[in-house]
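Report on one structure; see the data block that follows.
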Amino acid sequence: MVELVPTLLRQELARLAEVGARLDGREQWEARKIVLETDCLYNGEGSAKVTWGDTIIYAGVKFEMRTPWPDRPNEGSLMCSAELRPIAGRKYEPGPPSPESIELGRVVDRGIRESGCIDMENLCIVPGEKVWGVMIDIHVLSDQGNMFDACALAAIAALRTAIVPAERFDVGEDYTLQVKSTPIMASFTRVGGRYVFDPSAEEELGGDERIHITLGDEGHLHSLQKGLKGVFTPEEFAEIFDVAQSRCVDLRKLVANQEGN
Amino acid sequence: MGGYGDIKLLREDGLRLDGRKIDEMRPIEIEAGILPGADGSAWVKHGLNIAVAAVYGPMEAHPRKIQRQDRCVIDVRYNMAPFSTSERIRPGYNRRSREISKVTAEALESVVICERYPRSKIRVEIEILSAEAGTRCAGITAAAVALADAGIPMRDLLVGVASGKVEGIVVLDLDKAEDNYGQADLPVGILPNTGEIAFLQMDGDLSPDEFNLAMEYNFKGAAEIHEIMVDALRRRYEGGEN
Chain A
925 MVELVPTLLR QELARLAEVG ARLDGREQWE ARKIVLETDC LYNGEGSAKV
975 TWGDTIIYAG VKFEMRTPWP DRPNEGSLMC SAELRPIAGR KYEPGPPSPE
1025 SIELGRVVDR GIRESGCIDM ENLCIVPGEK VWGVMIDIHV LSDQGNMFDA
1075 CALAAIAALR TAIVPAERFD VGEDYTLQVK STPIMASFTR VGGRYVFDPS
1125 AEEELGGDER IHITLGDEGH LHSLQKGLKG VFTPEEFAEI FDVAQSRCVD
1175 LRKLVANQEG N
Chain B
151 MGGYGDIKLL REDGLRLDGR KIDEMRPIEI EAGILPGADG SAWVKHGLNI
201 AVAAVYGPME AHPRKIQRQD RCVIDVRYNM APFSTSERIR PGYNRRSREI
251 SKVTAEALES VVICERYPRS KIRVEIEILS AEAGTRCAGI TAAAVALADA
301 GIPMRDLLVG VASGKVEGIV VLDLDKAEDN YGQADLPVGI LPNTGEIAFL
351 QMDGDLSPDE FNLAMEYNFK GAAEIHEIMV DALRRRYEGG EN
């Protein structure tokens, strides 16, 4: 098992990086196959499934009615959280949320929130009394690399299909949630000394730090995060930022195509 | 009968609200081997329920105090996703999922040849992605297919199935309305080849005769589900897919 020999794996990844190759034969910035399905869960007000290589993610949107925060009487709320259940892989243990799953949920949350794709004032039902709380729950069924991008894709795709269940709460007719844009995350992991897009599970195991970039429709930055041990230069960032721009455009098309169906 | 207000669960023509006959199950689809990182896995769609099960192991059992010298332990976690029901479920363990996990583990320990793996542990993870009454049964069925997919020897393929009573009539495989407004629910885990029962729960009100009829329906349903389970494993292992 590769898990037992990360030193050998690291040597192999470094050797491959020198000749510009990857373990599974992909190019440096090439993604694995990505399949997006939406509206796939009966009880989710919005839902999506992402199969990204061997990584499998579900996201579901639920609404709750709550009283607004006193300082923001006209605003609803949005929360995105991720659960890394033990089903996701051999290394995942049961127990309270791990720091890793909290980071995952929060990084995805920031990208969606800060893009402004949801107008919080649109979530107001009765000012000062009733607002919608939108909850996006991400459920990781299989972690085989690049969970962050897959989770962010599932979350925004689910949100974009969400129907506000007004009838069930006796406040009018159901309507489609207004989502103004499509924030997309692209992440890069240092493998064998250089960055690659969409690391596999083995590349993550033998790799170093990762950088997550969330971009809006106009290519503006909405969230950044560096995770794990390692450092990078501004030049390196400039390079992956360029790649992120084009990867995000591709992924956004995937969401748009799904909605077109 | 009934006495549950205006809710009618049986139609004038004797069929159920969704058009099923009294002893007819909801449609069932099963796929084996859907999670590439697990040693065994299965996806079960039973009506609108979706259950996914993964098996990891056999692996070393730790901490050591849970080890059994002569057999393996089976560690089951049944969990409902927050978006699986109409009201969001707060993540984390609750009393219901803990109880279901416990009795499911005991049912699976009754069919797995545990003596083959002394001092080991087999992890069975059951995730309910969509719930519409009968999730524990869909979970048991998924777990059994996942265990078979993992190549773990068992005395039989355990099948989860339930019958119940609505408006005084015993029916097979309750859906959500029938479960909410019905009078009894009898979920069981059946070994279809030996005719034994490894999982049993019940709540509500059943006469001895109604119980016998509900059990008869359960065995009939189990035979049907068993065929679909075997077919899923065949598709995975008889060439073709994967």
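Each protein sequence line maps, in turn, to chains A and B. Converting from the first sequence to the numbering used here requires adding 924 to each position, the first position being numbered 1. Converting from the second sequence to the numbering used here requires adding 150 to each position, the first position being numbered 1. Glycine included, each C-beta is placed from N, C-alpha and C at the ideal position. All of these numbers come straight from a predicted model, not from anything done at the bench.
Item: Report the CB separation of residue 1151 (chain A) from residue 940 (chain A) in whole angstroms; it is logged as a contact under 8 Å.; Value: About 23 Å; that fails the 8 Å criterion.
Item: Put residue 376 (chain B) into one of helix, strand or coil per three-state DSSP.; Value: helix
Item: From residue 1031 (chain A) to residue 375 (chain B), what does the alpha carbon distance come to, in whole angstroms?; Value: 42 Å
Item: Locate the beta strand (DSSP E) running through residue 1004 (chain A), then write down its first and last residues.; Value: 1001-1007
Item: Please identify, using Cβ separations under 7 Å, the residues of the segment 238-258 of chain B that lie next to chain D, in order along the chain.; Value: You won't find chain D in this structure, because its protein chains are A and B.
Item: So, residue 1157 (chain A) versus residue 1134 (chain A), is the Cβ gap smaller than 7 Å?; Value: no
Item: Rounded C-beta distance between residue 974 (chain A) and residue 1078 (chain A)? I'm assuming under 8 Å.; Value: 4 Å
Item: Is the beta carbon of residue 233 (chain B) less than 7 Å from the beta carbon of residue 1000 (chain A)?; Value: no
Item: Among all the DSSP beta bridges, which residues are the ones paired with residue 983 (chain A)?; Value: A:972, A:1062
Item: Answer with yes or no whether the minimum CB distance from residue 925 (chain A) to chain B is below 7 Å.; Value: Residue confidence for residue 925 (chain A) is low, a pLDDT of 44 falling below 50, so the modelled location carries little weight and cannot support an answer.
Item: In chain order, what residues of the same chain have a beta carbon less than 6 Å from the beta carbon of residue 997 (chain A), not counting five sequence neighbours either side?; Value: 1051, 1052
Item: Let me check one thing: in DSSP terms, what residues is residue 1089 (chain A) bridge-paired to?; Value: None, per the DSSP bridge assignment.
Item: In terms of alpha-carbon separation, which member of B:317, B:347, B:335 lies closest to residue 162 (chain B)?; Value: B:317
Item: For residue 947 (chain A), I'd like the list of residues in its chain whose CB is within less than 6 Å of its CB, leaving aside the five on either flank, ordered along the chain.; Value: 1126
Item: List the residues of chain A that residue 273 (chain B) touches, going by C-beta distances under 8 Å, in chain order.; Value: 1010
Item: With a threshold of 16 other CB atoms inside 10 Å of the CB of residue 990 (chain A), please say whether the residue is buried or exposed.; Value: exposed
Item: On the criterion of 16 or more Cβ atoms from any shown chain inside 10 Å, does residue 322 (chain B) qualify as buried, or is it exposed?; Value: buried
Item: Within a Cβ cutoff of 6 Å, which residues of the same chain sit near residue 943 (chain A), ignoring the five residues on either side of it in sequence?; Value: none
Item: When the Cα atoms are used, what is the spatial distance from residue 955 (chain A) to residue 218 (chain B)?; Value: 45 Å
Item: Among B:212, B:174, B:170, B:336, whose alpha-carbon lies nearest the alpha-carbon of residue 273 (chain B)?; Value: B:212
Item: Which stretch, first to last residue, makes up the beta strand (DSSP E) that contains residue 295 (chain B)?; Value: From DSSP, residue 295 (chain B) is part of no beta strand (DSSP E) but of the alpha helix (DSSP H) over 285-299.
Item: Just the Cα atoms here: how many angstroms apart are residue 188 (chain B) and residue 1011 (chain A)?; Value: 8 Å
Item: Pull the bridge partners of residue 961 (chain A) from the DSSP assignment, please.; Value: A:973
Item: Measuring from the CB of residue 1089 (chain A), is there a heavy atom of the ligand ADP at a distance below 6 Å?; Value: Of ligands this structure carries none, so the ligand ADP is not represented either.
Item: For residue 926 (chain A), count the other beta carbons within 10 Å of its own beta carbon; 16 or more makes it buried, fewer makes it exposed. Which is it?; Value: Confidence is the limiting factor: at residue 926 (chain A) the pLDDT is only 46, short of 50, which leaves the residue's position unreliable, though a coordinate-based value still follows. Answer is exposed; the Cβ neighbour count stays below 16.
Item: Kindly say whether residue 291 (chain B), judged by its beta-carbon, lies nearer than 7 Å to any beta-carbon of chain A.; Value: no
Item: Using the C-alpha atoms, what's the distance from residue 248 (chain B) back to residue 254 (chain B)?; Value: 10 Å
Item: Could you have a look at residue 333 (chain B) and say whether DSSP puts it in helix, strand or coil?; Value: coil
Item: Does the count of Cβ pairs from the segment 1104-1111 of chain A and the segment 1033-1042 of chain A closer than 8 Å reach three?; Value: yes
Item: At 7 Å on the CB atoms, spell out the chain A contacts of residue 235 (chain B), in chain order.; Value: 967
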